[in-house]
Amino acid sequence: MKRQSVAIIGAGTAGLATAIVLAQQGHDITIIEQVSQMENVGAGLLLQPSGMAVFQHLGALEHALDLGAPIDALQGWTKGSMLLLSRYSEFAPQITGLGMHRASICDVLMQQLKQYAVQWSMATEVLAVTDHQDQIQVDISTPQGKKALTYDVVL
Numbered sequence: 013m014k015r016q017s018v019a020i021i022g023a024g025t026a027g028l029a030t031a032i033v034l035a036q037q038g039h040d041i042t043i044i045e046q047v048s049q050m051e052n053v054g055a056g057l058l059l060q061p062s063g064m065a066v067f068q069h070l071g072a073l074e075h076a077l078d079l080g081a082p083i084d085a086l087q088g089w090t091k092g093s094m095l096l097l098s099r100y101s102e103f104a105p106q107i108t109g110l111g112m113h114r115a116s117i118c119d120v121l122m123q124q125l126k127q128y129a130v131q132w133s134m135a136t137e138v139l140a141v142t143d144h145q146d147q148i149q150v151d152i153s154t155p156q157g158k159k160a161l162t163y164d165v166v167l
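The opening position of the sequence shown corresponds to residue 13 in the working numbering, with each subsequent residue numbered one higher.
The following block contains the structure:
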């Protein structure tokens, strides 16, 4: 696979996980984020077993397990009646979900990203994205001013 320059717009969970996968493949990654620093925002999330498998692939599962809480079953209720009871152990004894705060998930992913030469562009507003056939132009505004950057891929 040809090494490509990739811009990822947004440093949320999806952007960070995508950056890790592409960095593992040897691509040049730039993460463009509108906030000036990452903050603890968001709510609790449940990583299903498939999400935990992705964290394993990213090399981040052990750190996530240290910060999360194992979940062994899901229950759904309405008006005092149980609608759903799904125990992970019914599928396999070792399977669980993992409850984590969104900020903890982002922290785990950012820690994993530190092993790669990822460029960060914080406090950056994306003004436009234009496809020029051979490259994609991203017009940005930063505290230092406006400029146009080009990449092979923009996500």
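No residue lacks a Cβ here, since even glycine has one placed at the ideal position from N, Cα and C.
{"Asked": "Assigned exposure category for SER101 - 16 Cβ within 10 Å defines buried", "Found": "exposed"}
{"Asked": "Touching by the beta-carbon criterion (3+ pairs, under 8 Å), the segment 57-64 and the segment 141-158", "Found": "no"}
{"Asked": "Residue burial classification, GLY109 (beta-carbon count within 10 angstroms, cutoff 16)", "Found": "buried"}
{"Asked": "Short Cβ contact (9 Å threshold) for SER98 with ALA85", "Found": "yes"}
{"Asked": "Span separating the alpha-carbon of GLN46 from that of MET134", "Found": "6 Å"}
{"Asked": "Nonlocal neighbours in the same chain, by C-beta distance under 6 Å from GLY88, ignoring five residues either side", "Found": "LEU95 and LEU96"}
{"Asked": "Residue interval of the alpha helix (DSSP H) (run including ALA140)", "Found": "Segment 137-143 is the beta strand (DSSP E) holding ALA140; no alpha helix (DSSP H) there."}
{"Asked": "Residue environment, THR136, which counts as buried when at least 16 other CB atoms sit within 10 Å", "Found": "buried"}
{"Asked": "Rounded C-alpha distance that separates MET112 from ILE41", "Found": "26 Å"}
{"Asked": "Boundaries (first-last residue) of the beta strand (DSSP E) holding HIS69", "Found": "HIS69 -> not in any beta strand (DSSP E); alpha helix (DSSP H) instead, spanning 61-70."}
{"Asked": "Contiguous beta strand (DSSP E) assignments of at least 3 residues, all confined to the segment 13-39", "Found": "17-21"}
{"Asked": "Coil, strand or helix - MET112 by DSSP", "Found": "strand"}
{"Asked": "Continuous beta strand (DSSP E) stretch holding ASP151: start and end", "Found": "148-154"}
{"Asked": "Beta-carbon spacing of ARG29, VAL66 below 9 Å", "Found": "Going by the sequence as given, residue 29 is Ala instead of Arg. Yes, the Cβ-Cβ distance between ALA29 and VAL66 is below 9 Å."}
{"Asked": "Nearest-angstrom Cα separation, counted from ILE117 out to PHE176", "Found": "There is simply no residue 176 to check, as the chain begins at 13 and stops at 167 in what is shown."}
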